[in-house]
Amino acid sequence: MRDRVDGAEFAALTQLLAGHRIDGARFQEPAFARCQAALTASPVQASSLDLAVLLRQALRHEEAKRGWTSVPGAQISHIAFAAFDAWETVGLEKRVTGGKLYVSAKRWKPDWLSVDDDRGVDALAQAEVVRRFEDDIVVSGDPFLKAVHRPGYRSIGQRAAVRAALSTPPGATLAIALATGEGKSLIFQIVQAVGFTGMPEAQARRGVTLVIVPTVALGINHEKAAIETCGLDAPLSYSSGDQDRNSVLVERISDGRQALCFASPEAACGPLRSALGKAAEGGHLKALVVDEAHLVDQWGSGFRTEFQELGALRQELLRKAQPEARLRTLLLSATLTDSSTETLRIFFGEGEGFEMISAVQLRPEPDYWIARPTNDEIQTTRVLEALYHLPRPLALYVTEVEQAILWHQRLKETGFRRLGLVHGDSSQDMREKVVNQWRHGAIDIVVGTSAFGLGIDYAHARSVVHACVPETLDRFYQEVGRAGRDGRTAISLIVPAASDFAKAERISRKWLIGKDRGRERWETMFSRKITLPNGGGFAVRLDDRPGTSERDIDMIGDRNTDWNLRVLMLMSRAGLIRLLGKPRGSLPPGMWMGIEILDHGHLEADRWLVAVEPVRRLAVDAAARNFELMQSYLRDDCCAADTFEELYGKDRIGRVCSRCKTCRSDPTKRKPSKPVGEPRSPWPAVALDPRLAALLGSDGRLLVTYDREPFSRSDARRFGETMRRLHGFDVHNFIVLGSPPLDIERGLAFAGQAALFLTTVDSLAQVRLPVGPEVVLVGADAVLMTSSLEPRVGRQRIFIANKKLPSPETPSRRLVDVFGGKTLDLDEFFGRVAA
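Laid out in structure tokens, this is it:
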């Protein structure tokens, strides 16, 4: 913890609470800084109840700093508390001494939770116990990290993800699961800086990387980071209503000068579509990156269908580009279920391959608490009690819009003022306002549905409370992840009512239309289709009634449109049609969707039974399984990590026991963490460049020997020039074994702006580089194994070693004398590559 020794911040805060001025005091601790900011804000926005809860948080935090050995108190003379007398309600004990009021925090141990920690339910969250030490870890990196001013990687998972991303072939798609906090943004920053392997140098450093973001706020955050880190010029993010900025973006995208562009799916499929097409035709569109890619599965099944229309946009852009200049697609997420992955494969799998790389570790920060189900009235009482005691910032999640509005009003009536509200019906402006207030500490509680939290990167949120039963365990885990992003303990508390279970089960099923009703809606839409010009498919109307029967006569509005959209999504998943997005040109009034027919049996009942029903059934089963896992978690009879592993796959996720009832009650049941290993890039080897094939021996090996060590200045210069040429031959892997005979950083100076992967190892068995030819620079003190010298399919190797290096098999003989492959001396090698 920061500033844990002298207690100066707490002392200054107590002076403020006692009614004194504290000019010049600077607060770094979030618990103290938030209380101070709320007390001194002008105009005053906090109620005395808001301030009392923040005061309790500060006192509990100070108690933790003292090792829980003494209970700190504070004299209260600040005018903000003049009329407040609900100290007991918020877990504060008051006493009056000498006519002065003093308060101290009591430990919260409600009888409706199984509390086996004498320090109370909120102890570790109030203490902000460090659970992740990412700031102290730097994993050895690649030379191109200099382009974005990074000394190394945050984790081996991030390194593997970046290397796999940069190895993605033209037209292919890579889904990347990388844990929250491990820096997914580095991936697209590096792409814009150095391009992909196999790209000509001029193309690699120019062109557009389009990043799809779910919220404008996230796009703006990415823009600020990219300007600071990558040295790019604004604007980088598309924002509706800002015509001047958007016009600049459109112009720069069209001719390939816009290095990075952050946009919503609506903007990409709408106003940016033409400019993106021009960039693709000109060979200037490097990549399509979808941030929070799991939303394609979650949101596209019900609302904001542009997330799934991105698949059609991608196909359009691929068709416009020359084969070697086709964009790569990168799908980024912190967690991907089997269902999410399959949906992504359906919408983004066409092209030159779809692969996935996962380096996800379960979050170590959450302290999980589960209340037993009760009735609605007691649920309300329990949630309010929790909100009186838990540390801020706090997110209160419910499932439905009506519940969110009700809880927001209830909290206002209770006396809270530093509140925000976000739900599916909130305007974009309102969402952005709440997000900014949350990020800048102006509000303490946000009441929200699952619509709140996307793209929120505020580090210091401490509590997440669920006054509902989420319809999927995946949704629950995503929402818990809004807190603790600073690597410190955060509390997750779920308080279900018995009535919530049926509601959650209903919601988990409601997006899945029956096949007969779905085909009926499709027949109506298709019967009223409009043929688009130039073989562009058809336009079908989304807001039309599903039929002419009596039950359909009044089916209009958003709900009806949603059902029609779901039918099209289902058909697209089943391979009957392809969604083309919003049609261009003149069409009658209404909401229209462009489609391409892929299966001419799309109107036949038998075809729906064979093609659509299995896809629908898979979706039903996936939703049911996800809900069953949510119920399993709520039974609270096993370690939470076991349940999350079952959801995300033991083979794809690193296990971490954070803190749950099982582990709290019996530490011997706490299983050891299973760290994430460094996954290999999933991409197969590509055909050798003819120039490289001619250089290598017939078995894909070459031994280059030198007899001058260290390299002379001339040799070092020629070495750098040769490595740059080899990089142009599609050699992207460089391995240093032992102590090199030259300054590698200077020798590979060009790699600061190139997709070249560098690793220094003691043994070639440790190498985890992507598949492809490798240069192995062998130091005089290195040890080579016989197996390392054998021919390898997809890993052709150029060994550069001292002529005196002994053979690993026969140490009395030199390697150059017994090597079974082709050999050259250093000067010959330089000359052959330069020829």
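Every number in this note's numbering is 6 more than the matching position in the sequence shown, counting from 1.
Virtual Cβ for every residue (Gly too), placed ideally from N, Cα, C.
Using a Cβ distance threshold of 8 Å, Leu316 and Ile218 count as a contacting pair.
Residue state for Phe360 is assigned as strand, using DSSP reduced to three classes. Judged by beta-carbon spacing, Arg665 lies beyond the 8 Å limit of Lys677, meaning their Cβ atoms are not closer than that value.
Taking a C-beta distance under 8 Å as the contact criterion, Trp614 and Val573 do not qualify as a contact pair.
Under the 8 Å Cβ criterion, the segment 705–719 does not count as touching the segment 188–201, having fewer than three qualifying pairs. By the Cβ neighbour-count rule, Ala14 is exposed, with fewer than 16 other Cβ atoms within 10 Å of its own. Within the segment 375–428, complete beta strand (DSSP E) segments of at least 3 residues are found at 400–403, 425–428, given in chain order. Beta-bridge analysis with DSSP links Pro812 to Arg820. For the pair Trp375 and Ile497, the CB atoms are nearer than the 8 Å cut-off. Close CB contacts of Phe650 within its chain, under the 7 Å cut and outside five residues either way in sequence, are with Leu368, Tyr483 (chain order). Counting other Cβ atoms within 10 Å of its Cβ, Ser671 stays below 16 and is therefore classed as exposed. Between Gly158 and Glu188, the C-beta gap is not smaller than 8 Å, which leaves the two residues out of contact. DSSP, read as helix, strand or coil, puts Thr674 in helix. Taking all protein chains shown into account, Gly225 has 16 or more neighbouring C-beta atoms within 10 Å of its C-beta and is therefore buried. Look at the beta carbons and you see the segment 739–746 touching the segment 775–791: at least three pairs across the two are nearer than 8 Å. For Asp373 and Lys521, the gap between their C-alpha atoms comes out near 43 Å. The three-state secondary structure of Phe650, taken from DSSP, is helix. Distance from the Cα of Arg803 is smallest, within the candidate group Ser794, Leu811, Ile513, Lys809, for Ser794. Sequence-distant partners of Arg820 (beyond 5 residues in either direction) whose C-beta falls short of 8 Å from its own C-beta, in its chain, are Lys809, Lys810, Leu811, Pro812, Ser813.
Distance from Arg730 to Phe763 at the Cβ level is roughly 15 Å; contact not present, criterion being Cβ atoms closer than 8 Å.
Out of Ile513, Ile536, Ser578, the CA that lies nearest to the CA of Gly524 is found in Ser578. Around Pro116, the same chain offers no residue with a beta carbon nearer than 6 Å, after the five sequence neighbours per side are excluded. In the three-state scheme derived from DSSP, where H, G and I count as helix and E and B as strand, Leu22 is classed as helix. Within the segment 148–235, the complete beta strand (DSSP E) runs of at least 3 residues fall at 179–184, 214–218. By the C-beta criterion, the segment 77–86 is judged not to be in contact with the segment 340–356, since fewer than 3 inter-stretch pairs fall below 8 Å. If the five residues before and after Val441 are omitted, its C-beta is found closer than 6 Å to the C-beta atoms of Ala223, all from its own chain and listed in chain order. Segment contact: the segment 698–709 against the segment 820–829, three or more CB-CB distances shorter than 8 Å; contact assigned. Under the 10 Å beta carbon count, Ser253 is surrounded by fewer than 16 other beta carbons and is classified as exposed. In the DSSP assignment, Arg707 forms a beta bridge with Arg803. Where Gln81 is concerned, the enclosing beta strand (DSSP E) starts and stops at 79–81. The C-beta separation of Ala131 from Thr495 comes to about 5 Å, placing the pair in contact by the 8 Å criterion. DSSP, reduced to helix, strand and coil, places Asn540 outside both helices and strands of the structure shown, so it counts as coil. At the C-beta level, Thr235 and Val168 stay beyond 8 Å of one another.
Only exposed fits Pro681, as fewer than 16 other CB atoms lie within 10 angstroms of its CB. Burial check for Leu98: the Cβ neighbour count within 10 Å reaches 16 or more, so the residue is buried.
In the three-state reduction of the DSSP assignment, Val781 falls in the strand class, which pools E and B.
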